[in-house]
Amino acid sequence: IYDSMINQETFEETGVPTDSLGEPLLIGAMADERRKPDLLFCTTTSLRSDEVMARYRAGAKDAWESSGLIAVPPAIDRRAPGDCRWNSHALGIQLTAVTQAAMVCMKVRDELMLNEPD
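If you read the sequence shown in our numbering, its first letter stands for residue 105, the second for the next number, and so on.
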C-alpha cells in the first residue's frame, strides 16, 4: 500500500503513469519553511525525460503543487570529477527548500553507494 500511495501521488503531480514507475525509495525527511514535515522519495520511470515533460505540460491533476519540472541526467561514471547533477547553481535554477534537501539526500546516497564494498 505504501508504494502505491507514493506512486499515485507522483502520478497526480507529474502525469507519469503509475505502471511506468519503479519502487519508491525513502531518501530523507525534513521540515519545510513552514515547519511542515516532508518525507523525500526517489523513484525511476521507464519513460524518457521528454515523455515525462510532455505528460507534466499536458496538465497533471496536481501540477499546481510544483513550480516546474526539470530533468537531471544520471551520472555515467559516479566517480567522475565535477559531477554537478546535485548542484543547483550549476543547473542554473532556483530550487525550493524541499528540492534542495532531496538533492542533498541523493548526493549523500550516491557517496555512500560509492563507498560500498564490491
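Every residue, glycine too, gets a C-beta built ideally from N, C-alpha and C. Fair warning: this is a prediction, and the values are worked out from it, not measured in the lab.
Met-207 counts as buried, since no fewer than 16 other beta carbons sit within 10 angstroms of its beta carbon. A Cβ-Cβ contact shorter than 8 Å links Ser-124 with Thr-149. About 5 Å separates the Cβ atoms of Lys-165 and Glu-116, confirming a contact at the 8 Å cut-off. Around Ala-135, the same chain offers Pro-141, Asp-142 as residues with beta carbons nearer than 8 Å, after the five sequence neighbours per side are excluded. Thr-122 sits in a helix when the DSSP states are folded into three classes. Between the alpha carbons of Leu-130 and Arg-159 lies a distance of about 24 Å. Residue pairing of Cys-146 in beta bridges, as defined by DSSP: Leu-129.
Excluding sequence positions up to five before and after Arg-213, its CB lies within less than 7 Å of the CB of Ile-131, all in the same chain and listed in chain order.
Annotation for Thr-200: no alpha helix (DSSP H) segment contains it, and DSSP assigns it neither H nor E. Secondary structure at Ala-175: coil, using DSSP grouped into helix, strand and coil. Under DSSP, Met-217 forms no beta bridge with any residue.
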